[in-house]
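Visitor: Heads up: take any position in the sequence shown, counting from 1, add 70, and you land on the numbering used here.
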Amino acid sequence: MNEKLVQAFNAQINAELYSEYLYLAMKAVFEEQHLTGFANWFNVQVQEEHAHALGLYDYVHERGGKVTLDAIAKPEFKEGSIVEIFEQVLKHEELVTSKINALADEADNAKDRAAVSFLDWYVKEQVEEEASVRQIISNLKLIGDDKKALLMLDRELATRTFVQPVIG
Ligand code: FEO
Numbered sequence: 071m072n073e074k075l076v077q078a079f080n081a082q083i084n085a086e087l088y089s090e091y092l093y094l095a096m097k098a099v100f101e102e103q104h105l106t107g108f109a110n111w112f113n114v115q116v117q118e119e120h121a122h123a124l125g126l127y128d129y130v131h132e133r134g135g136k137v138t139l140d141a142i143a144k145p146e147f148k149e150g151s152i153v154e155i156f157e158q159v160l161k162h163e164e165l166v167t168s169k170i171n172a173l174a175d176e177a178d179n180a181k182d183r184a185a186v187s188f189l190d191w192y193v194k195e196q197v198e199e200e201a202s203v204r205q206i207i208s209n210l211k212l213i214g215d216d217k218k219a220l221l222m223l224d225r226e227l228a229t230r231t232f233v234q235p236v237i238g
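#1: Taking 7 Å as the CB-CB limit, is TRP111 close to chain B?
#2: Secondary structure at ILE142, three-state DSSP: helix, strand or coil?
#3: With ILE170 as the anchor, note down where its alpha helix (DSSP H) starts and where it stops.
#4: Taking the straight line between their C-alpha atoms, what separation do you get for ALA98 and ALA109?
#5: On a Cα-Cα basis, can you pick out the residue from VAL197, GLN82 and GLU176 that is closest to GLY125?
#6: Going by other Cβ atoms of all chains shown within 10 Å of its Cβ, with 16 needed for buried, is GLN103 buried or exposed?
#7: Inspect the beta-carbon positions of ASP243 and GLY107 and report whether they are closer than 7 Å.
#8: Which of the three DSSP states, helix, strand or coil, is assigned to GLU149?
#9: At a cut-off of 6 Å, is GLU132 close to the ligand FEO when judged by its beta-carbon and the heavy atoms of the ligand?
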């Protein structure tokens, strides 16, 4: 891969590790409230982001590039209602989608067909990531102040499990 593209991959590794760190910070909010299902959802999210970062890391090596790790920024979000936290998750995923699209554009500009094809997995993954968060936000809006319904959603989110993705 050309040097510019390797740098762009390294920046995306950092963005995925930041996502992992952000979701770990959000998970703590739910742990504190004993909403263990929501905490589990974030825990799976943490593992997914880790897998996304490692997928890019392995690919840079596979292509003979140099992985350069930068500092991971402090997670920034506002602690608010549950729906407000999920709205921030959605906003963050939309930002990640724009970064993945920019990385794919970079691979396109470099006419690196292999990298474009590899990144297709990430492009599709972002569609799923955004859709699952939108679904939770709409459920939360329907639930409103209904505590029983909130506990039911918490139980449902407790069943989410991490499945190691096959990337690329
Ligand atoms: Fe790795 Fe949630 O995007």
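Heads up, the beta-carbon is just placed ideally off N, CA and C, and yes, glycines get one too.
These numbers were taken from a predicted model, which means no experiment stands behind them.
Guide: According to the data block:
#1: In summary, chain B is missing from the structure at hand, where a single protein chain is found.
#2: coil
#3: 152-179
#4: 7 Å
#5: GLN82
#6: exposed
#7: Lying outside 71 to 238, the shown extent of the chain, residue 243 is not represented and no answer is given.
#8: coil
#9: no
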